[in-house]
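Undergrad:
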Amino acid sequence: MNPNNSLVKIELKVPLCCQDCEETVRVQLGELEGVKDVNVDLSIQKVIVIGYNHVKLEPSTVLNSVKKVKNRAQLWIPSRIN
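According to this note's numbering, the residues represented by the sequence shown are 1 to 82, in order.
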């Protein structure tokens, strides 16, 4: 695989109450350079951003962008299974 085509996945926890909030977040994140896709799971308040690694799409950049429209957004922290 060409390293320029490799993808990065960034997961966020974003408080979303409705379809309008979801669309606002999709539009905001879709404008970032290197974003290929934005997936939203409204039921668990999770946003997954898929982007191109060659533009160095960083979690902090994605988080700062979504915080412009949803200031309580944070990086998704996976649950630990014991």
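By construction, the Cβ of each residue, glycine as well, lies at the ideal position given by its N, Cα and C atoms.
Where does Ile10 land, buried or exposed, given buried means 16+ other C-beta within 10 angstroms?
TA: By the 10 Å Cβ count, Ile10 comes out buried.
Undergrad: Rounded to whole angstroms, what's the CA-CA distance from Ser65 to Leu32? Just pull it up for me.
TA: Approximately 8 angstroms, taken between the alpha carbons.
Undergrad: So is the beta-carbon of Val47 under 7 angstroms away from any non-hydrogen atom of the ligand GDP?
TA: The ligand GDP is not part of the structure shown, which contains no ligands of any sort.
Undergrad: What separation, rounded to the nearest whole angstrom, lies between the Cα atoms of Val8 and Val62?
TA: Going from the Cα of Val8 to the Cα of Val62 covers about 12 angstroms.
Undergrad: On a CA-only basis, which of Gln45, Cys21 and Val35 is nearest Val55? Give me that one, please.
TA: The candidate whose alpha carbon is nearest that of Val55 is Val35.
Undergrad: Within the same chain, show all residues whose beta-carbon is closer than 6 angstroms to that of Gly51, passing over the 5 residues directly before and after it, in chain order.
TA: These residues qualify, in order along the chain: Val8, Gly34, Val35, Lys36 and Leu57.
Undergrad: Taking the straight line between their C-alpha atoms, what separation do you get for Lys67 and Gln74?
TA: Straight-line Cα distance between these residues: approximately 8 angstroms.
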